[in-house]
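In terms of my numbering, the numbers along the sequence shown are unbroken and rise by one, the last being 139.
Heads up, the beta-carbon is just placed ideally off N, CA and C, and yes, glycines get one too.
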Amino acid sequence: MYDKVLVPMALDHGISDQTLEIARAITSDDGSITALHVFEVPKGSVSVYIGEDTVERGFERARAILHEKVAGLSGVTPQITRGQAHHAIVAYAVEHGYDCIVIGSHKPGMSDYLIGSTAARVVRHAPCAVHVHRDK
């Protein structure tokens with residue numbers, strides 16, 4: 004059993020309920036679960052066309068959606084951060100001392116073999132246990 008479990012959540016994937024269920028099953032009775040969403044700010048030439056106020060509205064909308072997804076789930080704390088997903092997840096886990104990450108994954112495609120999926124990158128760089136759940 005784990006005391007601090009981090010569950011990264013992409014708000015547009017339907018796997019969150021499953022990863023949160025897994026987290027509940029492996030968390031000790033007095034443990035905690037954090038649902039983390041990483042808000043990726045548009046990069047490169049896209050950022051030239053999008054104003055800061057648009058980015059902030061997107062961030063606040065993502066925060067609201069995350070809170071809706073975990074509303075009514077006792078023992079689950081929603082958190083949101085900014086950055087590149089795999090870097091931000093690992094950094095958050097290190098900074099806050101998590102002992103397990105439960106992350107969802109999709110069936111890998113050719114590009115995942117070449118550059119790697121977020122889940123694969125988290126597995127490679129996380130300093131703690133990582134449970135990867137692949138949706139059927």
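Answer with buried or exposed for residue i, where buried requires no fewer than 16 other C-beta atoms within 10 angstroms of its C-beta.
| i | result |
| --- | --- |
| Val126 | buried |
| Ser48 | exposed |
| Val51 | exposed |
| Ser108 | buried |
| Leu117 | Its pLDDT being 46, under 50, Leu117 is placed unreliably in this model, and the value from its coordinates should be taken loosely. The residue in question, Leu117, is exposed, as its Cβ has fewer than 16 Cβ neighbours within 10 Å. |
| Ala28 | exposed |
| His89 | buried |
| Ala129 | buried |
| Ile53 | exposed |
| Thr80 | exposed |
For residue i, which of helix, strand or coil comes out of DSSP?
| i | result |
| --- | --- |
| Tyr101 | coil |
| Met4 | coil |
| Ala67 | helix |
| Gly107 | strand |
| His16 | coil |
| Leu9 | strand |
Can you name the start and end residues of the beta strand (DSSP E) that residue i belongs to?
| i | result |
| --- | --- |
| His40 | Thr30 to Phe42 |
| Ile83 | Val79 to Arg85 |
| Ala132 | Ala132 to Arg137 |
In angstroms, rounded to a whole number, what distance separates the CA positions of residue i and residue j?
| i | j | result |
| --- | --- | --- |
| Tyr5 | Ala123 | 21 angstroms |
| Gly100 | Thr57 | 33 angstroms |
| Phe42 | Asp32 | 30 angstroms |
| His40 | Glu98 | 16 angstroms |
| Gly17 | Ser120 | 17 angstroms |
| Lys46 | Asp15 | 19 angstroms |
Considering residue i, what are the terminal residues of the alpha helix (DSSP H) in which it resides?
| i | result |
| --- | --- |
| Gly128 | The residue asked about is misnamed: residue 128 is His in this sequence, not Gly. Counting along the chain, the alpha helix (DSSP H) containing His128 begins and ends at Thr121 to His128. |
Quick one: measure Cβ to Cβ for residue i and residue j, integer angstroms, because I've assumed they're closer than 8 angstroms.
| i | j | result |
| --- | --- | --- |
| His136 | Ile36 | Actually they are not in contact, since the Cβ atoms of His136 and Ile36 sit about 14 angstroms apart, beyond 8 angstroms. |
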